[in-house]
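**Q** My questions all concern the structure below.
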Amino acid sequence: MAAIAHPLHSLLTSKTPNHSSPRFTPTPKLTISASSFSNKHLSSRKLTAAVIGGGPAGSSAAEALASGGIETYLFERAPTSAKPCGGAIPLCMLDEFSIPPDLIDRKVTHMKIISPSNLTVDFGKTLKSHEYISMVRREVLDSYLRSRAESKGVTLVKSLVTSLDVPTSPNYPYMVNYTVNNKFKSLPVDVVVGADGANSRVAKSIHAGDYACAIAFQERIRLPDDKMMYYENLAEMYVGDDVSPDFYAWVFPKCDHVAVGTGTVCSKPNIKMYQQGIRSRVLPKIAGGKVIKVEAHPIPEHPRPVRVRGRVALVGDAAGYVTKCSGEGIYFAAKSGRMCGEAIVKASEGGERMVNESDLKREYLKRWDSEYITTFRFLDLLQHVFYGNNAAREALVELCGDEYVQRMTFESYLYKRLAKGNRWEDLKMVSSTIGSLIRCNLVGKEMELFDPNVVAKFV
Ligand SMILES: Cc1cc2nc3c(=O)[nH]c(=O)nc-3n(C[C@H](O)[C@H](O)[C@H](O)COP(=O)(O)OP(=O)(O)OC[C@H]3O[C@@H](n4cnc5c(N)ncnc54)[C@H](O)[C@@H]3O)c2cc1C
Numbered sequence: 001m002a003a004i005a006h007p008l009h010s011l012l013t014s015k016t017p018n019h020s021s022p023r024f025t026p027t028p029k030l031t032i033s034a035s036s037f038s039n040k041h042l043s044s045r046k047l048t049a050a051v052i053g054g055g056p057a058g059s060s061a062a063e064a065l066a067s068g069g070i071e072t073y074l075f076e077r078a079p080t081s082a083k084p085c086g087g088a089i090p091l092c093m094l095d096e097f098s099i100p101p102d103l104i105d106r107k108v109t110h111m112k113i114i115s116p117s118n119l120t121v122d123f124g125k126t127l128k129s130h131e132y133i134s135m136v137r138r139e140v141l142d143s144y145l146r147s148r149a150e151s152k153g154v155t156l157v158k159s160l161v162t163s164l165d166v167p168t169s170p171n172y173p174y175m176v177n178y179t180v181n182n183k184f185k186s187l188p189v190d191v192v193v194g195a196d197g198a199n200s201r202v203a204k205s206i207h208a209g210d211y212a213c214a215i216a217f218q219e220r221i222r223l224p225d226d227k228m229m230y231y232e233n234l235a236e237m238y239v240g241d242d243v244s245p246d247f248y249a250w251v252f253p254k255c256d257h258v259a260v261g262t263g264t265v266c267s268k269p270n271i272k273m274y275q276q277g278i279r280s281r282v283l284p285k286i287a288g289g290k291v292i293k294v295e296a297h298p299i300p301e302h303p304r305p306v307r308v309r310g311r312v313a314l315v316g317d318a319a320g321y322v323t324k325c326s327g328e329g330i331y332f333a334a335k336s337g338r339m340c341g342e343a344i345v346k347a348s349e350g351g352e353r354m355v356n357e358s359d360l361k362r363e364y365l366k367r368w369d370s371e372y373i374t375t376f377r378f379l380d381l382l383q384h385v386f387y388g389n390n391a392a393r394e395a396l397v398e399l400c401g402d403e404y405v406q407r408m409t410f411e412s413y414l415y416k417r418l419a420k421g422n423r424w425e426d427l428k429m430v431s432s433t434i435g436s437l438i439r440c441n442l443v444g445k446e447m448e449l450f451d452p453n454v455v456a457k458f459v
């Protein structure tokens with residue numbers, strides 16, 4: 001792996017660093033020497049980790065690391081701003097990540113899906129009385145998760161990481177280069193977790209390769225009270241060529257406004273046209289509303305070719321953990337961050353030993369892939385079948401009317417576990433899927449992809 005050209009690199013290879021370099025700011029708390037790296041056991045100090053990015057992935061990784069005895073630094077460049085996001089999270093995240101109820105803006109119990117011909121299905125009919133989809137504002141959730149990580153001993157560094165120097169020898173530290181008040185600083189660390197989102201600099205530093213990205217566009221619109229009432233506990237998903245050629249558009253309710261947005265991979269230059277499309281579809285419901293924020297951001301479409309290299313691991317969007325079809329990434333970001341943090345704690349025996357690439361692959365990547373890769377592949381397949389054209393979207397909405405389909409879908413979404421099916425109902429579901437596709441004239445190439453054996457794994 002090529003080392004990144006950087007003035008600080010000399011610090012790693014030279015025994016007499018040039019302290020007059022304008023970018024060098026000694027970091028008194030940390031003394032990582034080459035000799036301490038050559039020992040597997042860290043006798044006089046704890047393993048030190050830098051987590052780059054303080055979104056759900058980064059905060060969860062940092063919290064797990066610090067709780068497990070690792071000296072942890074969490075870098076976040078914009079702690080007060082809001083990540084562009086719909087903010088829908090599944091029920092299991094509240095329990096697994098102990099999210100306090102007062103962070104939730106809305107509890108959605110009705111989820112309408114609306115076809116190109118305006119066929120509307122309430123997808124949430126089978127939800128039980130205690131079940132709902134939580135709608136949060138990311139500025140609220142992210143700041144809570146960061147503060148909690150701090151309370152576990154994480155040092156939060158409010159700063160932009162400008163680059164990461166990768167050592168030329170496995171026995172040397174990584175250098176995290178960052179700016180505070182226009183001053184350049186550097187921090188030597190043993191391990192790096194790249195949680196810096198879809199435009200990850202950490203991924204670039206380790207040559208992790210690229211992935212295709214969708215672009216998502218969203219407007220936050222404050223509605224008059226009577227119009228907001230309509231979205232009290234309701235979210236809407238719209239499908240159609242007018243709102244996106246390969247994804248869906250949404251209206252998600254927040255405390256005092258709705259988030260109206262859409263996304264596309266294959267037609268990014270036209271994103272504003274699709275946003276106009278969703279605005280037109282919902283116009284009567286948002287009339288009189290005031291746009292309070294306009295935001296856009298890439299959404300990764302696939303995991304990166306490389307997610308672990310050396311002592312660097314990527315998590316969340318930086319790793320590419322967003323499901324196709326639903327565009328869900330918050331839970332997977334938090335989960336992958338925690339899993340990676342726990343993996344480092346385990347491999348380092350609570351910060352006592354140095355870790356290496358095979359530790360990270362074994363304890364983090366292998367576990368992640370065995371738990372989630374099939375789900376990601378399945379949702380990829382569904383997107384291919386159902387979002388391709390308007391006839392397929394009509395079939396999708398028709399299918400969503402089936403109560404068994406709803407129950408299975410929500411079980412998997414809300415609890416992130418494969419729902420226990422009923423063989424007879426499963427067979428009926430596969431045949432009604434095929435029936436819907438046939439009715440919508442979709443038997444053909446797409447049908448070859450819809451292999452009942454693959455479906456059977458999930459039901
Ligand atoms: C419009 C839109 C709507 C979405 N809606 C939903 C939804 O409803 N539900 C859902 O589950 N998912 C949704 N997603 C996906 C979800 O937002 C992401 O999957 C999730 O935010 C990933 O979390 P993360 O922590 O990996 O990355 P991010 O949330 O992107 O966090 C990365 C953090 O790193 C910081 N950072 C980046 N570079 C640096 C640097 N060099 N130095 C220091 N800090 C840095 C950033 O400021 C940011 O805080 C949506 C995405 C978009 C774009």
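Note that the UniProt record's numbering numbers the sequence shown so that position 250 is 250, with each residue one more than the last.
Quick reminder that beta carbons are idealized off the backbone N, C-alpha and C, glycines included.
Small disclaimer: the values here were computed from a predicted structure and weren't measured.
(1) Pick out the complete alpha helix (DSSP H) segments inside the region 214-290, 4 residues or longer, and give them in chain order.
(2) Taking CB distances under 9 Å as the criterion, tell me whether Tyr-387 reaches chain B.
(3) Go through its chain and collect everything with a Cβ distance to residue 487's Cβ below 8 Å, but skip five positions before and after it.
(4) Taking buried to mean at least 16 other C-beta atoms within 10 Å of its own C-beta, is Asp-226 buried or exposed?
(5) With burial defined as no fewer than 16 other Cβ atoms inside 10 Å of the residue's Cβ, what is the status of Glu-363: buried or exposed?
(6) May I ask which residues mark the beginning and end of the alpha helix (DSSP H) holding His-110?
(7) To which residues of the same chain is Leu-12 closer than 6 Å at the C-beta, ignoring the five residues directly before and after it?
(8) Near residue 471, what residues of its chain come up, given a Cβ to Cβ distance below 6 Å and the 5 sequence neighbours on each side ignored?
(9) Looking at ligand 1, does it come within less than 8 Å of Phe-252, judged from the CB to the closest heavy atom?
(10) Give me, in chain order, the residues of the same chain whose beta-carbon lies closer than 6 Å to that of Lys-293; leave out the 5 immediate sequence neighbours on both sides.
(11) Given this structure, state the Cα-to-Cα distance separating Thr-375 from Lys-183, to the nearest angstrom.
(12) Could you tell me the boundaries of the beta strand (DSSP E) in which Lys-335 lies?
(13) In angstroms, rounded to a whole number, what distance separates the CA positions of Leu-91 and Ser-134?
(14) Determine the DSSP secondary structure at Val-315, reduced to helix, strand or coil.
(15) Residues in its own chain within less than 8 Å of Met-93 by CB, not counting five upstream and five downstream?
(16) By DSSP's criteria, His-130 is part of a beta bridge. Which residues make up the other side?
(17) What first and last residue would you give for the beta strand (DSSP E) that runs through Ile-52?
(18) Let me check you understand the geometry: is the CB of Thr-120 closer than 8 Å to at least one non-hydrogen atom of ligand 1?
(19) For Ile-373, which three-state DSSP category applies?
(20) Could you give the residue range of the beta strand (DSSP E) that holds Asp-210?
(21) Using 10 angstroms around the beta-carbon of Pro-22, count the other beta-carbons present and answer buried if the total reaches 16, otherwise exposed.
(22) Closest to Ala-208 by C-alpha separation, out of Ser-115, Phe-410, Val-312 and Val-154, would be which residue?
(23) Leaving out the 5 sequence neighbours to the left and right, which residues in its chain are closer than 6 Å to Ile-114 when beta-carbon positions are compared?
(24) So, for Lys-254: in the same chain, excluding its five sequence neighbours on each side, which residues have a beta-carbon less than 8 Å away from its beta-carbon?
(25) Which same chain residues, not among the five before or five after Glu-236, have their C-beta less than 6 Å away from its C-beta?
(26) Is Leu-47 closer than 9 Å to Val-154 when the C-beta atoms are compared?
(27) What residue from Asn-390, Pro-245, Gly-58 and Arg-281 has the CA that sits closest to Pro-269's CA?
(28) Verify whether the separation of the beta carbon atoms of Thr-72 and Ala-195 is less than 9 Å.
(29) Answer yes or no: the CB of Gln-406 versus the heavy atoms of ligand 1, is any distance below 8 Å?
(30) Can you say whether Cys-266 is buried or exposed, counting buried as having 16 or more other CB atoms within 10 angstroms of its CB?
(31) Does the region 296-305 come close enough to the region 57-64 to have 3 or more Cβ pairs within less than 8 Å?
(32) My output table needs one value for Phe-410: the three-state DSSP class, helix, strand or coil.
(33) Let's test the definition: count the other Cβ atoms within 10 Å of the Cβ of Asp-402 and tell me whether it reaches 16, buried, or not, exposed.
(34) Can you grab the Cα-Cα spacing for the pair Lys-152 / Glu-352, in whole Å?
(35) Nearest to Thr-409 by CA position, among Leu-127, Ile-215 and Gly-68, is which residue?
(36) Just reading off the alpha helix (DSSP H) that Pro-56 is part of, what are its end residues?
**A** On the basis of the data shown:
(1) If we require 4 residues or more, the alpha helix (DSSP H) runs fully inside the region 214-290 come out as 225-230 and 271-286.
(2) Of the protein chains in this structure there is only one, and it is not chain B.
(3) Residue 487 lies beyond the residue range present for the chain, which begins at 1 and ends at 459; the question has no answer from this structure.
(4) When all chains shown are included, Asp-226 counts as exposed.
(5) Here Glu-363 is buried, its C-beta having at least 16 other C-beta atoms within 10 Å.
(6) It is not in any alpha helix (DSSP H) - His-110 instead sits in the beta strand (DSSP E) that spans 110-114.
(7) No answer about Leu-12 holds up, because its pLDDT of 28 lies below 50 and its placement is not dependable.
(8) An answer regarding residue 471 cannot be provided, because it is not within the stretch 1 to 459 covered by the chain.
(9) Flag set: Cβ of Phe-252 near ligand 1.
(10) Cβ within range, chain order: Arg-220.
(11) Distance between the alpha carbons of Thr-375 and Lys-183: 44 Å.
(12) Not the beta strand (DSSP E): Lys-335 falls in the alpha helix (DSSP H), residues 330-347.
(13) Computed Cα separation, rounded: 7 Å.
(14) Residue state, collapsed to three classes: coil.
(15) The beta carbon of Met-93 is closer than 8 Å to those of Ile-99, Ser-134, Ile-330, Tyr-331 and Ala-334 in its chain, skipping five residues each way along the sequence.
(16) According to DSSP, His-130 bridges with nothing at all.
(17) Counting along the chain, the unbroken beta strand (DSSP E) around Ile-52 starts and ends at 48-52.
(18) No, the Cβ of Thr-120 stays beyond 8 Å of every heavy atom of ligand 1.
(19) Note: Ile-373 maps to helix in three-state DSSP.
(20) No beta strand (DSSP E) holds Asp-210; DSSP gives it neither H nor E.
(21) With a pLDDT of 35 at Pro-22, under the threshold of 50, the modelled position of this residue cannot be trusted; read the value that follows with caution. That one is exposed.
(22) Residue Val-312 is the option with its Cα nearest to Ala-208.
(23) Cβ contact annotation for Ile-114 (same chain, cutoff 6 Å, sequence separation greater than five): Thr-120 and Tyr-238, in chain order.
(24) Cβ within range, chain order: Gly-87, Asp-105, Arg-106, Met-135, Arg-137 and Arg-220.
(25) The answer, listed in chain order, is Lys-112 and Val-251.
(26) 9 Å or more divides the Cβ of Val-154 from the Cβ of Leu-47.
(27) Residue Pro-245 holds the alpha-carbon nearest to the alpha-carbon of Pro-269 among Asn-390, Pro-245, Gly-58 and Arg-281.
(28) Going by C-beta atoms, Thr-72 is not nearer than 9 Å to Ala-195.
(29) No, the beta carbon of Gln-406 sits no closer than 8 Å to any heavy atom of ligand 1.
(30) Exposed.
(31) Contact between the region 296-305 and the region 57-64 is absent: fewer than 3 CB-CB pairs across the two stretches fall below 8 Å.
(32) Correct three-state label for Phe-410: helix.
(33) When all chains shown are included, Asp-402 counts as buried.
(34) One C-alpha to the other measures close to 18 Å.
(35) With distances taken between Cα atoms, Thr-409 lies closest to Leu-127.
(36) Going by DSSP, Pro-56 is part of the alpha helix (DSSP H) stretching over 56-67.
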